[in-house]
Amino acid sequence: MWTGVFPAVTTKFTADDRLDHAEMERCFNLQMEAGCDGIIVCGSLGEGPMLSPDEKIEVLKTAQKVAGKKPVLLTVNEAGTREAASIAKRASREGANGLMVVPSPIYHTNAEETVAALRAVAQAGDLPVMIYSNRLAYRVDVSVDQMEELASDERFVAIKESSDDIRRSTEIINRLGTRYDLFTGVDNLAFEALSVGAIGWVAGLVTAFPRETVAIYQLMKQGRREEALGIYRWFRPLLDLDVSTHLVQNIKLAEVFAINTNDRVRMPRQPLSGDRRKSVEKIVKDALAVRPTLPQF
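The letter at position 269 of the sequence shown is residue 1577 when you use the working numbering, and the numbering goes up by one with no holes.
(1) If contacts are defined as beta-carbon pairs under 8 Å, then residue 1361 and residue 1385 qualify, I think. What distance do you get, rounded to the angstrom?
(2) Let me know the secondary structure DSSP gives residue 1386 once reduced to three states.
(3) Straight-line CA distance for residue 1324 to residue 1483?
(4) Beta carbon of residue 1512: closer than 7 Å to some heavy atom of the ligand ADP?
(5) By Cβ distance, which residues of its chain are closer than 8 Å to residue 1577, with the 5 residues on each side in sequence left out?
(6) Let me make sure I understand the geometry here. Which of 1486, 1471, 1353, 1383 has the alpha-carbon closest to that of residue 1448?
(7) Whole angstroms are fine: how far does the CA of residue 1352 sit from the CA of residue 1534?
(8) Assuming residue 1315 and residue 1514 make a contact with CB atoms under 8 Å, what is their CB distance in whole Å?
(9) Is residue 1320 helix, strand or coil by DSSP?
(10) Would you tell me roughly how many angstroms separate the C-alpha atoms of residue 1453 and residue 1423, rounded to the nearest one?
(11) Taking the C-alpha atoms as reference points, what is the distance between residue 1519 and residue 1319?
(12) Taking the alpha-carbon positions, what's the residue 1525 to residue 1500 distance?
(13) Less than 8 Å separating the beta-carbons of residue 1317 and residue 1371?
(14) Measuring only the C-alpha atoms, how far is residue 1550 from residue 1400?
(15) Starting from residue 1603, trace the beta strand (DSSP E) in both directions and tell me its first and last residue.
(16) Return no unless some Cβ of chain B is closer than 8 Å to the Cβ of residue 1563.
(17) With distances taken from CA atoms, which of 1567, 1493, 1489, 1381 is nearest residue 1512?
(18) At which residues does the alpha helix (DSSP H) containing residue 1542 begin and terminate?
(19) Taking residue 1587 as part of the alpha helix (DSSP H), name the residues at either end of that continuous run.
(20) Are there 16 or more other CB atoms within 10 angstroms of the CB of residue 1523, so buried, or fewer, so exposed?
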């Protein structure tokens, strides 16, 4: 159902901490112009937990305006299942193409609770669901056993695999075949995941470097592995910025230099400063200085 590069887009704010829809529209358009295949809003990178339900729907609508016929997914990452079900229903009413659902980032559910919560959200929204499995960031592992248990519900259509263990991708395919659309959700494992069967990439650094991200995906799809690997090796220091507790600030700072935007974040986050900012600036500027010429694909 879903394949390709789906940016987990950043949320843009004005200087007085309101949603900056004009800047989001500009930045989202860069993703579409580069050939991305969909948009995911209000995720971890999109500062979803810092947005009100109304703001989430507003960001969804801005993305829909830009994406046209390409799918737009709303991330459901509420602490409680009741609240998660409520935003899922609202997303459905507003025409979202699907949901990316994170088990509660506050309460660390056991296996039975995880499955029950995911089922409740899917039933409430009655939309296609991408299950977001990220045991490192959220301390809840949606295991292959749980994926198999959920497979009887056709609303669960995709997996964002972010366990940080590349073996998991093969385990999912060996157990479940093509039952789920398998996406990688770890930027600095994307080449590896695409090599072993992932058909999509929920990407972070794509927001600053959309053409390079799409090039890697398309070249891999065409079997042009060595060309993709060359770009990926250049990209790796940047992709490592996604695997950090400061991923939002890191990637928004990369956007400053790559697409000429701002790095405003919502408190309690603050923009990078001091040595950490200097370090990220150097990584980005060094990469920009030797930015590769992309092949035709």
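Even for Gly, the Cβ is constructed at its ideal location relative to N, Cα and C.
Quick answer:
(1) Position 53 of the sequence shown, counting from 1, holds the residue named residue 1361. Position 77 of the sequence shown, counting from 1, holds the residue named residue 1385. Incorrect: roughly 12 Å between the Cβ atoms, too far for contact.
(2) For the purposes of this step, residue 1386 is taken as the residue at position 78 of the sequence shown. In the structure shown, residue 1386 sits in coil (DSSP, three-state: anything other than H, G, I, E or B).
(3) Numbered from its first residue, the sequence shown carries residue 1324 at position 16. Numbered from its first residue, the sequence shown carries residue 1483 at position 175. Those two C-alpha atoms are separated by around 50 Å.
(4) Here there are no bound small molecules, and the ligand ADP is not part of this structure.
(5) Translated into the one-based positions of the sequence shown, residue 1577 becomes position 269. Excluding positions up to five away in sequence, the list reads 1355, 1358, 1556, 1557.
(6) Working through the sequence shown from its first residue, we reach residue 1448 at position 140. Here the closest residue by C-alpha is 1471.
(7) The residue given as residue 1534 occupies position 226 in the sequence shown. The residue given as residue 1352 occupies position 44 in the sequence shown. Each residue's Cα considered, the two are about 32 Å apart.
(8) Taking the sequence shown and counting its residues from 1, the one referred to as residue 1315 is at position 7. Taking the sequence shown and counting its residues from 1, the one referred to as residue 1514 is at position 206. Going by Cβ atoms, the distance from residue 1315 to residue 1514 rounds to 5 Å, so yes, they are a contact pair.
(9) Here residue 1320 refers to the residue found at position 12 when the sequence shown is read from its first residue. Of the three classes helix, strand and coil, the one that applies to residue 1320 here is coil, per DSSP.
(10) Position 145 of the sequence shown, counting from 1, holds the residue named residue 1453. Position 115 of the sequence shown, counting from 1, holds the residue named residue 1423. Cα to Cα, the separation comes out at about 10 Å.
(11) As a working mapping, residue 1519 is identified with position 211 in the sequence shown. As a working mapping, residue 1319 is identified with position 11 in the sequence shown. Computed Cα separation, rounded: 20 Å.
(12) Within the sequence shown, the letter at position 217 stands for residue 1525. Within the sequence shown, the letter at position 192 stands for residue 1500. Spanning the two alpha carbons is a distance of roughly 11 Å.
(13) Taking the first residue of the sequence shown as 1, we reach residue 1317 at position 9. Taking the first residue of the sequence shown as 1, we reach residue 1371 at position 63. Taking 8 Å as the Cβ cut-off, residue 1317 and residue 1371 qualify as a contacting pair.
(14) For the purposes of this step, residue 1550 is identified with residue 242 of the sequence shown, where counting begins at 1. For the purposes of this step, residue 1400 is identified with residue 92 of the sequence shown, where counting begins at 1. Computed Cα separation, rounded: 29 Å.
(15) Walking along the sequence shown from the start, residue 1603 turns up at place 295. Neither: residue 1603 is in no beta strand (DSSP E) and is coded neither H nor E.
(16) Structure shown: chain B not included; a single protein chain is present.
(17) Here residue 1512 refers to the residue found at position 204 when the sequence shown is read from its first residue. Cα-wise, what sits closest to residue 1512 is 1493.
(18) Residue 1542 sits at position 234 when you count from the first residue of the sequence shown. Run containing residue 1542: 1533-1547, per the alpha helix (DSSP H) assignment.
(19) For the purposes of this step, residue 1587 is identified with residue 279 of the sequence shown, where counting begins at 1. Its alpha helix (DSSP H) spans residues 1582-1597.
(20) The residue you call residue 1523 lines up with position 215 of the sequence shown. Residue 1523 should be labelled buried.
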